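In this note's numbering, the protein residues as written are 23 to 159.
Glycine included, each C-beta is placed from N, C-alpha and C at the ideal position.
Note that this is a predicted model, so its numbers are computed, not measured.
Accompanying notes for the structure given below.
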């Protein structure tokens, strides 16, 4: 045997040893790839199921939104009535406040009049009523 034969023999023994060491990891890798294949085989069914469920949820959501819209259409006149009532109440309150302010001004003027003229007792009350009646006309 010459040096070339010895080199080839050593390389062959090294590859045989390397193959013996790599058998176990390669089998594990093969098992992992088999599991990956099984997972990818199930993936289209899972995606189909997911898309069907998503479509069902969206249909239910659309039905719920339609129901809510119908209920809002039924209830919206009540909100308009409540708004109109609030507006009318506000106008009535403003009118009452204006009248109360006017009465307050009249009574303060009448009070000033009775104080200025130094009316007291029954005579003061009568003059106060007379003053208010005179301002009313």
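Assigned secondary structure, residue i (DSSP; H/G/I helix, E/B strand, else coil)
{"i": "residue 127", "result": "helix"}
{"i": "residue 24", "result": "coil"}
8 Å Cβ cutoff met for residue i and residue j
{"i": "residue 154", "j": "residue 126", "result": "no"}
Contact set for residue i: own chain, Cβ-Cβ below 7 Å, skip 5 residues either direction
{"i": "residue 83", "result": "none"}
{"i": "residue 148", "result": "none"}
Sequence-distant residues of the same chain with beta carbon closer than 8 Å to residue i, five excluded per side
{"i": "residue 71", "result": "none"}
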